[in-house]
Amino acid sequence: MLIVLVLLATVAMRLAIVTAVVYLQLPRGPLCPHCGVEMAALRNRVVDGLLPALQRRWCLECGWNGVVRRPPRDLRRRRLPRLTHRPTPP
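Using our numbering, the letters of the sequence shown map in sequence onto residues 7 to 96.
So this is what it looks like as structure tokens:
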């Protein structure tokens with residue numbers, strides 16, 4: 007029985023290491039790894055629900071498509087300041 011537990015632990019550790027390495031190899035954020043242009047997000051409820059840390063993206067410029075890591079929440083929610091037109095005094 008002990009041998010079975012050791013073998014299962016070995017397999018589980020291998021899966022964890024491979025998963026971590028593959029995750030860290032994925033590009034991060036919305037920019038294309040080839041041309042640097044912002045990519046369009048392809049949404050899928052099932053995949054987004056099962057793997058919330060990953061996102062499928064497609065580059066309209068060079069045609070690259072693939073899975074990327076989502077940026078941190080603080081970068082996603084950050085909004086640029088709104089530019090307002092101020093009239094100049096006469």
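Glycine included, C-beta positions come from ideal geometry on N, C-alpha and C.
Asked	Found
Which residue marks the beginning of the beta strand (DSSP E) containing L11, and which one marks its end?	L11 -> not in any beta strand (DSSP E); alpha helix (DSSP H) instead, spanning 8-31.
Write down every uninterrupted run of the alpha helix (DSSP H) in the segment 40-70 whose length is 4 residues or greater and which is fully enclosed by it, in chain order.	51-56
What number of angstroms, rounded off, separates the C-alpha of A15 from the C-alpha of Y29?	21 Å
Using the rule of at least 16 other Cβ atoms within 10 Å of the residue's Cβ for burial, across every protein chain shown, is C65 buried or exposed?	buried
Roughly how many angstroms lie between the CA atoms of P36 and I9, to the nearest whole one?	46 Å
Taking the C-alpha atoms as reference points, what is the distance between A46 and V12?	45 Å
Whose C-alpha, out of V17, E44, R76, is nearest the C-alpha of L57?	R76
Starting from the C-beta of C68, find all residues in its chain whose C-beta is less than 6 Å away, skip the five residues before and the five after it, and write them out in chain order.	H40, C41
For G72, which of helix, strand or coil comes out of DSSP?	strand
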